[in-house]
Every structure is written in structure tokens, then in C-alpha cells.
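So the number in this note's numbering is just where the residue sits in the first sequence, counting from 1, plus 2. Written below as C-alpha cells is the structure these notes are about.
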Amino acid sequence: MSINITFPDGAIKQFDAPITGIEIADSISSGLRRNSVAITVNGEQWDLTREITADATVDIITRDTDAGLEVLRHDAAHVMAEAVKELYPETQVTIGPSIENGFYYDFAREEAFTPEDLIAIEARMKEIVKRNEAIVREVWDRDDAIEYFKGIGEVYKAEIIADLPESETITVYKQGEFLDLCRGPHLPSTGILRDGFKLTKLAGAYWRGDSNNAQLQRIYGTAWSDKKQLKAYLRRMEEAEKRDHRKLGKALDLFHMQDEAPGSVFWHPKGWAVYQAVQQYMGVKQYERGYQEIKTPQVVDISLWEKSGHASKFGDDMFTLSTDDRDYAIKPMNCPCHVQVFNQGLKSYRDLPLRLAEFGSCHRNEMSGALHGIMRVRSFVQDDAHIFCTEDQIQEEVKEFIDFLHEVYADFGFDQIVYKLSTRPEQRVGSDEDWDRAEQALEQALNDNGLEWDLQPGEGAFYGPKIEFSLKDCIGRLWQCGTVQVDFSMPGRLGAEYIAEDGSKQVPVMLHRAILGSLERFLGILIEQHAGALPAWLAPQQAMVATIVTDANDYAQEVLKALRNAGIRAEVDLRNEKIGYKVREHSLQKIPAILCIGKREAEEGTVAVRRFGSKAQTVMPLEEFIEQFQTEIDDKQLSVTEQTSAS
RNA sequence: GCCUGCAUAGCUCAGUAGGUAGAGCAACUGACUUGUAAUCAGUAGGUCGUUGGUUCGAUUCCGACUGCAGGCUCCA
């Protein structure tokens, strides 16, 4: 019997059935056969060795594509599990998927794996690849599968199968002595994995992601189509590490943290200069967009947090104190305080939308394991604002906000933004009708802005759904910064109301929103994004005046004064050192402009400018430099190259 | 909070198979007046995170605690 196989380019070829993916690949070219790892058959991913018995549309998956890498990574996880079972037979295997850049497998074992074990496991994996064991797919009866895995002591596997929907076909893959439940697809044999993998780290992970369950041992690895790709990836990771904000924060003398104040930042003069630049920028932008800035108290009676619902949901994570028989909490967030400001005086529908903003200092007793540099801290400042409005105004306000956020992120040099819509969680306040309307409003706003977004069911705040705006950092980690949340419940709980057009009392809708999120976290991301070399408008020290000879000291002081008068953050280096030494030091500090001053410059009233990232020096009159540099700062130019191309 | 690992000079790191530690840079002193990524010489600097235990003796071995790192969980 012959069947028609349709290829991605529309070509149709006849084959004698049954035929396998590997035979199809071979019929096209030996190169394709060598590089193929799986095949898409009528939209479903199949093993290359699985027989195709009827007409089908196929697409051969090669090892260098995203789908191919996923297959390789999944196989790497299986090979790792096989290696672990060979070396430590008492270990139980659970699940092992492919992930971005690699794979992991979760194991249950009494004894902890050590870093030395990883080396042994990796070596055994290489052996298994060398053995080139055939990987065979088998369809099993559900109960037989459960019995089998129970029989060999793999209770986790048995549990997974028992929980699979009845309709699911139970497939088992066999390689050598190792048998694993898996949907596939997999490589025809272990040898095809080749040597582009490496085990990277050891971690704990809860069974089924629930902290009430047993903790398993997770081994992470990275896997690529070949060794060259692997090496390139490892180099990328090394580069990324150099950008780490904790390293740069120390090297550039921006901030420090110490044992006595875990999760809190000591900002040094230079770091604080950046912090201030960011905050002042936001203040101006908010004013331009119709926000009014306020400031609310740090220590507030616990009763307010009980009314708002925060105490019951986050009580354990709040810093509390009592004095004079009264219980207080250090504010973990600003919203209830903002409602208090709204509640002062009688509000009219004419006052809406009312946009109250605060650089609100908040404290949260985050779990010790959650802390991470200045990205996740216990003491932080939010660029927080709450918009009190009518239901009709939600759409427009959210749309406005998204536009605002895009403008801000672009100014800071971010163009990769990930949008997520988080909907009602299990533990929540407010009626289902309110949640329906709130979720709809946000979804509408995202779609109206033509944005691509992911849904995160159940991830909303306890008082309302939210859109999360995340930025991708240099290591590819996603950091949530901006957010906008629709809240139908808190204003009512805290007694907010306004007089409507018809004279009736109405409860306003409250939009919670932030663009930077936490300033601490945002600065961390900013440092990593720019590898510490902040654009001139954000740099802590924008210009450094460095003298070549002591005779130029007086003129250098004049230059410093002129720069500072022009609003430029400048310093002067009069030390008795060689100019090469000074240039090196200030270049390492990534200062955007170094102005070298020697005898010639002093006589001519010029400066010799050396820009960060360039070895070239340009001698120009002081006034010209100031004018040019000021424009660069005012326009928030992101790089000098942009400046030259723009002018 | 949980799992694994780590904690030595201001910084980056070495070291001690148990006998109280060393380099480079930085700091300080002196000389050098210098033209674009490190001038030379000298000096000083450490309860080896805290705290118990084992030992004649612990920075080193064991335990607890604190902090940090990578994950997991959490993130108003």
C-alpha cells in the first residue's frame, strides 16, 4: 500500500506504508537524517521510529530548531535519570521536563546528592550516550503501568499515572534497563543526544510544587545541539554574571548590604544619586500625567490593615510593634493610606479620576529564602499610585497608564516587555460579578492596545485582577516591575465614596498601579541591563575632570564649577597621578565623560573629552562640551552612538 | 520557611592532611609633575562570620546560630 506524505513546502511524495520519520528524512538527504530528532505528523510530535501508516502532513524536526532542542533536552533528562538509577538504584524518579536552555529531573532519595555526585552522574550520562541504546516506545495498559511502577518501588510515577485522565494513552519509553512513563517524543537512540550537555546545579523542589509535600532533589542541566553551542551558552552565562548588580553595586560603590539589616539597602552617595535621578524623573512624569503626589505614615494602627484585609492575608509577613497598649504595623503597602487621603472631605464625581501618587516606603518581612540582592528586599520604595474613578473611566485610565509605562521603559532603555493578565485567586474578597467586570476591563485594555499577553489564572491579588508588566534581564530572568490592578472592593471596605451626578452616594473604583514597581528592584535591573555603564542622564557621576599636571588645578576647578552650574553631576581628580592611571580608574567606574586637563587646555580654555567605551579624545571648547553634553542628558540619550547619529 | 552549598585583610582570592595565616589591588609614607586603561620604593593591615563541642592544641573536624548564593515555595 502506498501513502501520500505532504511536506511543509506543499510537496507531496508517495511512500510504501508503513514508513518511519527516519526513512522519510533519509529519502531527502543523509544530512537531514543526521540532524533530525523527531517528526511532526499531522500537527503531533512523533518519534522518528514510529510507523506512519496513512496519508499525513509531516515536518521533520532538526536538532538546531527550538522544537528539536526541546526533544534533545527532554532526552537529556531521561539519560540523566537512567544514569542516576544506575549509580544510585535506591533513588526514585519523578518528573523531568525540558526547560529554557536545558532540563531538570526531580529525584526522591534519602541521602543528599553532592556536587561530586553530579560529576559522576554526568560521566555516566556520557557513557550511556556512547552505548547508543535504542529508545523504544510502548503503549501500556493503565493498570498494568500503575502495578509495574508500584512493583519496582516508584510510588511517585504510579501516582502520576493514576492521576492522568482516563482518555490519556499511557506510553512508556525504554532505553537499556531504564523504563520511564513519558508522552514523548524521544530520539531513536541515546547516541543522538551527543555531547552538548552539562549538569549545572543541585536544588530542592517540592513534589508537585506544593510546600506541604515532600521535598525532592532536583538536578539541573543545560543541553544544546552540540558542544560548540554548549560552550557558547556557558560563555554567555559568564558574561551575564559579570553584569550581576551585586557585583557591580560593590565595584561601582553604589550600595551595600550587611548582616544587621537583612534585606535592606545602604545606599552610598553614588547609588543614591542614581536612585534620586530615577525618582525625580518619575515625579516629573507623573505630574505631567495628572498625578498628585502625597506622603503617608509609616506606622499605622493594625485596625486599618484588618479593615483592608491585609492583616488576615499577610499578617505573618508584616512588621508589627506595640506601644502604649496599642498595636501597629509598619506599612507593607500604601493603598489603605491613600484611601484615607481620598476620604478627607466630600468628593464629587467632578473630582474623578483622582490620581494620588506616592514614593511609598514599605516594609515586608519576606521569607529569608526569598531575598535576592536588591531585587527582592524587606525595605523598599514603590512608585505607587491609586486612581479613584468611576467604572466608565477604567478603560481610558488603564489605556493611559499602559501608554505612560511604555514611555518610561523606553526612556530607561528597555524594549522587551512581557504582559500577563492575572485573574481571581481562590482566596479573595469581593463578589464574583465584580471580578467578572474587573477582569473584563483589563482584558479589554490589553486587547485595545494590541498587546500579546499570557493568562495567569488564579494569580491575581486578593482584592482584584491585575496586569503584570515584566522586564527581561541580561540572564533572561523575568522581573515583574509594572502592574495595574482593578479593585472594586477595598474602597468600599474602607468607606470611600463620592457624590454622583444624580446626587446619590457611590463607591469609587480604585486602580492600583506602579511602573517601576520597587525602586530598589528597578535599580538592580537597570544596573544589569546597562552592565553598570548607565547612560549619561542616569550616571551617578556624569563627568570627571582629571588633571595631567598640578599647574592645571586652577583651571580644572573652573571647569568643575562650570559643569556643576550647568547641572551636570561632575567631580574633579587633582591627585598627583599619571593621566593613564586616572583614565583607567575612571573608565573602570564607567563614568560617561572624562575631561582631561593639561597645560594646553588650561591655556586655550578647552577640554580633552574621552567618552566611556571609546579610546578617542576630542579637544573642544568647554562651552561646546557643556552644551552638547546637556542636550544628551536632557534628551535622555541611551548611548553616545545614538547621539552622533541623531545630530 | 525548605533543600544544597558557602563565610579568611577594605576588595578579589590562596592556604593550613589540626600547631593562631599569605598574594595582588586598595590604604598610608616618601620620591616622581606626569598627555589618555596600572610610576617606583617602603609601611601598616586579620580574635580566619558568631557560638558550643571534640582535642594538649581548632581558622581547619563535628553541632547550633546568623548572613549570603543557587533552587523550591511565597511575592499585597
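Cβ atoms here follow ideal geometry from the backbone N, Cα and C, with glycine treated the same way.
Of all alpha-carbon atoms in GLY23, ILE63, ALA79 and GLY33, the one lying nearest the alpha-carbon of ILE54 is that of GLY23.
A direct Cα-Cα distance of roughly 46 Å separates ALA502 from ARG479. CA-to-CA, the gap between ARG328 and CYS364 works out to about 21 Å. Taken in chain order, the unbroken stretches of alpha helix (DSSP H) that lie wholly in the region 120-188 and span 4 residues or more are 144-153 and 157-165. For GLN260, the CB contacts under 8 Å within the same chain, skipping 5 residues up- and downstream, are PHE268 in chain order. Listed as beta-bridge partners of GLY223 by DSSP are PHE105 and LEU201.
When secondary structure is reduced to three states using DSSP, THR192 falls in the helix class. Rounded to the nearest whole angstrom, the CA to CA distance from PHE321 to GLU290 is 35 Å.
By the beta-carbon neighbour count (other beta carbons within 10 angstroms, threshold 16), ASP182 is buried. Taking every protein chain shown into account, the CB of MET284 has 16 or more other CB atoms within 10 angstroms, so this residue is buried. Collapsing the DSSP output to three states places ILE26 in a helix.
Its chain contains ALA387, PHE403 and VAL486 as the residues whose beta carbon lies nearer than 6 Å to that of ARG515, once the 5 sequence neighbours on both sides are disregarded; these appear in chain order.
In the assembly as shown, ARG430 is a buried residue. Its beta-carbon has 16 or more other beta-carbons within 10 Å. Here DSSP, grouped into helix, strand and coil, assigns GLN94 to strand. If you draw a 10 Å sphere on the C-beta of ASN567, you find fewer than 16 other C-beta atoms in it, and that means exposed. The three-state reading of DSSP puts SER491 in coil, since its state is none of H, G, I, E or B.
Given a length threshold of 4 residues, each whole run of the alpha helix (DSSP H) inside the region 358-441 is given here in chain order: 396-413.
For LYS601, the three-state secondary structure derived from DSSP is helix.
In the structure shown, ARG52 adopts coil according to DSSP, grouped into three states. When secondary structure is reduced to three states using DSSP, SER32 falls in the helix class. Minimum Cα-Cα distance from LEU624 among the listed residues ALA610, ASP637, THR633 and SER491 corresponds to ALA610. GLN231 sits away from VAL157, with the two beta carbons spaced by 8 Å or more.
Where SER314 is concerned, the enclosing alpha helix (DSSP H) starts and stops at 312-316. When the five nearest sequence neighbours on each side are left out, the beta carbons in the same chain lying within less than 7 Å of the beta carbon of ALA372 are those of ARG378, in order along the chain.
Apart from sequence neighbours up to five positions away, the residues of its chain that approach ILE389 with a beta-carbon distance below 6 Å are PRO355, ARG357, GLU399 and LEU513, ordered along the chain.
Contact check for GLN591 against ALA572 fails: the beta carbons are separated by 8 Å or more. Excluding sequence positions up to five before and after GLU441, its CB lies within less than 6 Å of the CB of THR425 and PRO467, all in the same chain and listed in chain order.
Pairing GLY265 with ASN367, the inter-Cα distance amounts to about 9 Å. Its Cα nearest to that of GLY569, the residue ILE628 stands out among THR549, PHE614 and ILE628.
Secondary structure remark: continuous beta strand (DSSP E) runs of at least 3 residues inside the region 506-547, in chain order: 511-520. Secondary structure of GLN446 (DSSP, three-state): helix.
Here the alpha carbons of ARG75 and LYS132 stand approximately 17 Å from one another.
By alpha-carbon distance to ASP556, the top candidate from GLU409, SER381, ALA538 and ASP575 is ASP575.
In the three-state DSSP reduction, PHE614 falls in the coil class, being neither helix nor strand.
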